[in-house]
Structures are given as C-alpha cells and as structure tokens.
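>
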Amino acid sequence: MSLSFGPFLACFIITAFLTLYLHFIIYHPHYFFDSKLTKIFAIGICIIFIRMIIPINLPFTYTIYSYNYLPELLDFATHPVLNTNIRIDLILLIVWFTVAIFLLLRLMYHYHRIKQYLSLYYVSDTDSCRQLKTHLHPYYKKSIEIAMIPQTVSPSVTGFFHPIIILPDNNCYNDEERFYICIHEITHYTRHHLWLSLLMEIVCRIHWWNPFVHLMKKDFSLFLELSNDSFLIRNIPGFNTIDYADIVLKTAKTTQNNKKSIPGSLLCFSLDSATSLKTRIHFILDNQEKQFMHKAIAFLCACIISISMLLSVFVVPEANFETFIPNDETMGYSISADNAYIIDTGSTYQIYVDGNFFVELDEI
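Using the numbering used here, the first residue of the sequence shown is number 68, and each one after it goes up by one.
1. Judging by CA-CA distance, which residue of F246, L170 and R180 is the nearest neighbour of A222?
2. According to the Cβ coordinates, are C78 and L263 closer than 8 Å?
3. What's the C-alpha gap between Y416 and T165?
4. Output yes or no for whether 8 Å exceeds the beta carbon distance between C249 and L316.
5. Between the Cα of F425 and those of T105, S133 and I110, spot the shortest distance and give me the residue it belongs to.
6. Can you name, in chain order, every residue of its own chain whose Cβ lies under 8 Å from the Cβ of R154, other than the five neighbours on each side?
7. Starting from A404, trace the alpha helix (DSSP H) both ways and give me its first and last residue.
8. For T128, does the count of other Cβ atoms within 10 angstroms reach 16, so buried, or fall short, so exposed?
9. By how many angstroms is the C-alpha of D353 removed from the C-alpha of L174?
10. For L185, does the count of other Cβ atoms within 10 angstroms reach 16, so buried, or fall short, so exposed?
11. Which complete alpha helix (DSSP H) runs does the segment 117-154 hold, if anything under 4 residues is left out?
12. Please go through the same chain and pick out, in chain order, the residues whose beta-carbon is closer than 6 Å to the beta-carbon of M267, but skip the five residues on each side of it.
13. Within a Cβ cutoff of 8 Å, which residues of the same chain sit near Q358, ignoring the five residues on either side of it in sequence?
14. Pick helix, strand or coil for P384, following the three-state DSSP scheme.
15. Exposed or buried, which one is P122 when buried takes at least 16 other CB atoms within 10 Å?
16. I'd like to know whether the C-beta of R197 is nearer than 8 Å to at least one C-beta of chain C.
17. Between L159 and V270, what straight-line distance do the alpha-carbon atoms span, to the nearest angstrom?
18. In or out: I233 buried (at least 16 other Cβ within 10 Å) or exposed?
19. Whole angstroms is fine: what's the gap from G413's alpha carbon to L170's?
20. Report the three-state DSSP secondary structure of V220 (helix, strand or coil).
21. Where does I250 sit, in a helix, a strand or coil, going by DSSP?
22. Expressed to the nearest angstrom, what Euclidean distance is found between the alpha-carbon atoms of Y419 and T105?
23. Roughly how many angstroms lie between the CA atoms of I60 and S379, to the nearest whole one?
24. Over the uninterrupted beta strand (DSSP E) stretch that includes F424, give me the two end residues.
25. Who are the Cβ neighbours of I392 in its own chain at under 7 Å, not counting the five residues just before and after it?
26. May I have the straight-line CA-CA distance separating N241 from D156, to the nearest angstrom?
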C-alpha cells in the first residue's frame, strides 16, 4: 500500500460523476425511487465512501499510468521548495493530512458534545411522551429516547446504537404532527441513514479540498430525505401526504430564521435550501400518482452505480514521471531488439524502451 496523488485523483473523478448522477436523480425522483434500487444505491454509495476514506493505493488496485497529460498536470508538485530537498507534493500531503486530522477530531468532539447536551433534556414521564412511544412501538420495538430542547430547531435524530429523537420544546406541534415527525426520524434510523450520513461527513473532512464533495453532500442529504419520504408513503397504512407536507412546510417556516444547529445531529426533518424544500414537497404530494420505475431504467441505474463502485475500488490513475538515463556522453539512447519494441496503432508507431513509453512517431 502506498500514498500518492492517484487515489485522490480517482476520488475526485468519481465524486464529480456521483454529484452529477445524484443531482439528476433527485430532480427526477419519480423515475428512480424504487425500494430495491435505493438499497443497491445505498450499498454502492457506502462502498464508494469507504474507498474515499482510505485514499491510498491498495494491493489489489489496478494502476493506469499516464505518460502525457497527468505528468504535465502534476509536474509542478515534483519540484523542490527553494533550495531544499523537500518537494512540493510532500508539503501538499502534509497540509492535507493536518487539516483532515483536525476536522475529524472536531467531528468526534461534536458527537461527544451532543451526547452530553441531550442528556439534560430527555423526557419520558409525560402523558404525551408515553403515548408517542406507544404509537412508535410497532415500528421500532426497542427503547427510544426523546429530547425536548429549548431551541427552535428542526426535529432530527442522532445516536448510532441507540436512537435519540430531538424535538423543539416550544409546543408548535400537536400529537399527530409529532407522530409524523418521529416516525420519519425513526425510519431514518432503522434504514441506517445515520451511518451513511456519518460516512458522508467523514468523506467531507478527508476530502476537504474537493468542491464536488461538498456539493454531493447537499444532494445526498436530499436523496436520503426523498428516499425516506417514499418509504413512509408506501409502507405506513393511512399515511396522509397532505398533512405530512404541511408539517414539512411548517417546520421550514418555523426554523428559517434560526441559524442554530445541534452539533452531531446529521439528519434534520426539514432542509434549509428553498430548492430542496420545493423538490421534496412536490415529490410528497405527487408520489402516489406515479408508477414504479420501468425495469430497464432500474437495471441501467444499478449498472451505473455498480460500475462506479468497481472503478473507485479497483482502478487508480497515476502519472508516470520516469525518465531515461543516457547511455553515453552524446545524450543518446541505446535502442535494440533486446530492450525495445514497437506498437503499430494504425496511424502512428509507439516505441517502448525497457517497458516504458519512449516516443510516438508518424512513420519509421
């Protein structure tokens, strides 16, 4: 295993592709949100995220060497700094590693902080809370903690091994609205969306320099919300989509001027973006009128995410900076049948010496 620019470049390319793919899916949700496909997509995204968390050349990765474009693009990184033996690529790697470690430590601190903070606001002795837990029991058999915090924030869920539903303690929701909110949040938990969001957060910290990662995070959050809404509409008996959409709008209106956030809560009931909110409301109200996606589209989407997953794990592009050492004082190279061969491409001739690309000629 080795550390180089290759894995970072591979992650950059796959992130750019996933960003475009996610953006297309979430704004054409009725053609893509099938229960089986979302599971395949979630598994594929999970594997890709894990690969991005480990940006090194693995023993089983296949390296594709570039002799022209990548060396020219990354040539500046091979130069020494001033008159020292320290190269620019080493400095870049040190800067990346230092910032990534700092951001990851801060993320861990936030999760530790949220556990301490929420423990002050657990409620269980009120009639409303006991009734709410009773209604949630058919959908989640284990115990659930509910924290009513004195802030106007969007309801959310946290806790990777024990769910904690966060609600604002401002009496802006009635019992039915709280049930819809809580069933939404507990469904996030049972479908392992918290773990996917955690992987996304870690990827954002490791690839902090990559703008596509931060764009993908926004679209991925909306993808999880649409996926969750679709699951609730199709699997909860008597689910009222109009009331549910009203709650989403009500939450967005209540929290639009509030900039506070609960550190460590990954999934909020209502997203901040007006475009995301519009997309989600349209999807909720129009969901039952649409049919499931065509099998051909489902198969194509599964192929796309599977190929992306395989490429991200097993293929890495690398720049080849190897140069040839002159054989004599004339600065020439000794080319013979023993150390060289020619590949006829049809229009040009590529000459390789000692297994490395040497030159490309129009004619010999």
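Beta carbons are placed, not taken as given, at the ideal position from N, Cα and C, and that holds for glycine.
To lay it out plainly:
1. Going by the sequence as given, residue 222 is Pro instead of Ala. Of F246, L170 and R180, the residue nearest in Cα terms is F246.
2. In this structure, L263 does not lie closer than 8 Å to C78 by Cβ.
3. Going by the C-alpha atoms only, they are around 46 Å apart.
4. No, they are not a contact pair.
5. Out of T105, S133 and I110, the CA that lies nearest to the CA of F425 is found in S133.
6. Taking R154 as the centre and dropping the five residues before and after it, the same chain places the C-beta of A144, T145, H146, P147 and V148 closer than 8 Å to its C-beta, in chain order.
7. Annotation for A404: no alpha helix (DSSP H) segment contains it, and DSSP assigns it neither H nor E.
8. In the assembly as shown, T128 is a buried residue. Its beta-carbon has 16 or more other beta-carbons within 10 Å.
9. L174 and D353: Cα-Cα distance of roughly 37 Å.
10. The C-beta of L185 has 16 or more other C-beta atoms within 10 Å across all chains shown, which makes the residue buried.
11. For the segment 117-154, whole alpha helix (DSSP H) runs of length 4 or above, ordered along the chain, are 136-141.
12. Excluding sequence neighbours, M267 sits near K284 and F287.
13. Residue confidence for Q358 is low, a pLDDT of 48 falling below 50, so the modelled location carries little weight; the figure read from the coordinates is stated next. Taken in chain order, the list of residues that qualify is empty.
14. Looking at P384 - three-state DSSP - the assignment turns out to be strand.
15. Result: buried.
16. Of the protein chains in this structure there is only one, and it is not chain C.
17. Cα to Cα, the separation comes out at about 18 Å.
18. Burial call: buried.
19. When rounded, the distance between both Cα atoms is 52 Å.
20. Here V220 carries a coil assignment [DSSP, helix/strand/coil].
21. DSSP places I250 within a helical segment (H, G or I) once states are collapsed to three.
22. Cα to Cα, the separation comes out at about 47 Å.
23. Examination of residue 60 is not possible in this model, given that the chain is present from 68 through 431 alone.
24. Residues N423 to L428.
25. Residue placement at I392 is poorly supported in this model, since its pLDDT is 46, which falls under 50; the coordinates are not used for a value here.
26. About 58 Å.
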